[in-house]
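Okay, so the sequence shown: first residue is 0 according to numbering that gives the first Met the number 0, each after it adds one.
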Amino acid sequence: MDHAHAISLVTMARHAWLNGFPITADVYMRQALRCANRLRDGRYKRQIFVIRNKMRPRVAAALSPSPVGV
Numbered sequence: 000m001d002h003a004h005a006i007s008l009v010t011m012a013r014h015a016w017l018n019g020f021p022i023t024a025d026v027y028m029r030q031a032l033r034c035a036n037r038l039r040d041g042r043y044k045r046q047i048f049v050i051r052n053k054m055r056p057r058v059a060a061a062l063s064p065s066p067v068g069v
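In structure tokens, the structure reads:
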């Protein structure tokens with residue numbers, strides 16, 4: 000796995016999120032993290048983690064069921 004593959008996974012996660020598929024976005028982000036952890040260059044790894052940290056709160060909120068009428 001290389002940097003380009005990790006970035007393409009992040010791009011697919013972003014498109015999935017923008018099109019209303021939070022579960023798919025979560026799966027792609029997890030795969031991107033696995034790729035990022037295998038990268039040797041810390042610069043690329045930081046780039047992936049920065050993107051993930053920006054997306055994570057929104058994806059987590061979309062995945063957790065919200066109480067309705069409580």
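We put the beta carbon where it would ideally sit given N, CA and C, even for glycine. Quick caveat: nothing in here was measured; it's all calculated off a predicted structure.
(message) Does residue 49 pass the burial test, meaning 16 or more other C-beta atoms within 10 Å, or should it be called exposed?
(response) It counts as exposed.
(message) Distance check for residue 14 and residue 3, CA to CA, integer angstroms please.
(response) 16 Å
(request) In angstroms with no decimal places, state the Cα-to-Cα distance between residue 54 and residue 39. (result) 23 Å
(message) Within 10 Å of its beta-carbon, does residue 47 have 16 or more other beta-carbons around it, so buried, or fewer, so exposed?
(response) buried
(request) Please classify residue 25: is it buried, with 16 or more other beta-carbons within 10 angstroms of its beta-carbon, or exposed? (result) By the neighbour-count rule (16 or more Cβ atoms within 10 Å), residue 25 is buried.
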